[in-house]
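Residue numbers (the working numbering): 83 to 445.
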């Protein structure tokens with residue numbers, strides 16, 4: 083048998099090394115990139131960025147933008163800050179704010195703007211890394227962000243002393259909004275009479291957390307209630323288990339603890355928690371509004387998906403639409419999707435509940 087030359091041995095060894103390295107990157111790339119977002123310092127010794135001053139317009143992404151003389155809407159944005167050296171992002175991070183204006187505002191804040199004036203505080207949000215781990219440091223960073231949202235809301239509420247109120251949050255923003263609604267209703271029960279609804283979008287939250295202070299909406303025209311859901315595509319049992327396994331909720335001390343009961347699910351298509359599966363013909367419209375300027379209403383595609391609340395999750399059929407795709411970097415693909423399956427449903431839901439609120443108050 084012919085012996086291999088030294089040069090051939092080196093070539094084969096190099097080929098094997100490249101193959102092994104390529105395979106390792108394919109298998110462990112997520113872990114590598116996740117590790118790159120880890121601040122590598124305990125949260126207890128971490129010095130966060132300066133606190134926002136909500137008396138300044140620079141601490142707000144939007145202030146009272148939308149339909150005049152309608153509801154006042156307080157909207158808490160989802161995660162846009164990747165992380166790295168920081169557990170909590172500064173409010174002037176250029177990349178995070180560019181993502182917020184390009185993806186979050188047109189897809190998730192804009193559906194509320196037809197029925198009210200939308201205000202969106204910038205806050206020292208917990209980084210994307212804190213959504214990828216259940217470490218105590220990550221939980222503390224997520225809890226830290228609540229202080230900013232609370233401060234922004236209390237000033238905003240002083241500036242909106244009367245009339246209907248909508249409170250909404252998405253993903254991390256929904257998690258913070260859940261605590262905000264609970265704590266504010268405990269401290270100020272009169273706020274419930276002003277509340278059209280609280281929207282916790284792509285948020286898992288337990289019913290027990292609110293202890294009769296506020297209940298899930300069980301009719302499309304009910305007011306002073308919670309509309310909450312976290313969506314998963316039919317057949318994605320692995321994704322469903324992952325969502326439930328990572329779900330946290332607030333205890334009475336203000337700590338994030340593992341969700342211990344079935345989460346609230348209100349179907350945004352029907353506006354109710356206990357109805358049977360909604361057929362695709364009831365779906366009001368999905369859209370990909372990414373890149374649109376604020377105030378521009380996107381085209382909607384309705385009758386696209388069927389939906390059902392089951393086991394605390396909102397199950398939906400696979401949408402047959404090429405425009406509903408989630409590209410971008412590894413980090414971007416782990417944030418809220420850059421389209422909204424329920425854009426038209428949110429518009430309709432807010433409109434119906436606001437009309438019911440006005441009728442209830444003879445306005």
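All C-beta atoms, glycine included, are put in the ideal place defined by N, C-alpha and C. This one's a predicted model, so the numbers in the text were calculated from it and none came from an experiment.
For residue 348, the number of other beta carbons within 10 angstroms of its own is at least 16, and it is reported as buried.
For residue 199, DSSP records a beta bridge to 148 and 154. The alpha-carbon separation between residue 288 and residue 200 amounts to approximately 27 Å.
Short of 8 Å from the beta carbon of residue 423, and not among the five residues preceding or following it, lie these beta carbons of its own chain, in chain order: 313, 368, 386, 387, 398, 401 and 406. Residues of the same chain with a CB within less than 6 Å of the CB of residue 122, apart from the 5 flanking positions on each side, do not exist. Residue state for residue 335 is assigned as coil, using DSSP reduced to three classes. For residue 310, there is no enclosing alpha helix (DSSP H); the residue is found in the beta strand (DSSP E) stretching over 307 to 311. With fewer than three CB-CB distances shorter than 8 Å, the segment 132 to 139 does not count as touching the segment 178 to 196.
Residue burial is scored here from C-beta neighbours: residue 304 has at least 16 other C-beta atoms within 10 angstroms and is therefore classed as buried. When C-alpha distances from residue 286 are compared across 338, 227 and 226, the shortest belongs to 338. Approximately 7 Å separates the beta-carbon atoms of residue 205 and residue 173; this is inside 8 Å, confirming the contact. In the DSSP annotation of this structure, residue 377 is not part of any alpha helix (DSSP H), being labelled neither H nor E. About 4 Å separates the beta carbon of residue 282 from that of residue 310, a gap short enough to meet the 8 Å contact definition. Relative to residue 392, the option among 404, 356 and 416 whose CA is nearest is 356. The beta-bridge partner set that DSSP reports for residue 248 consists of 155 and 279. Residue burial annotation: residue 381 is exposed, with fewer than 16 other C-beta atoms found within 10 angstroms of its C-beta.
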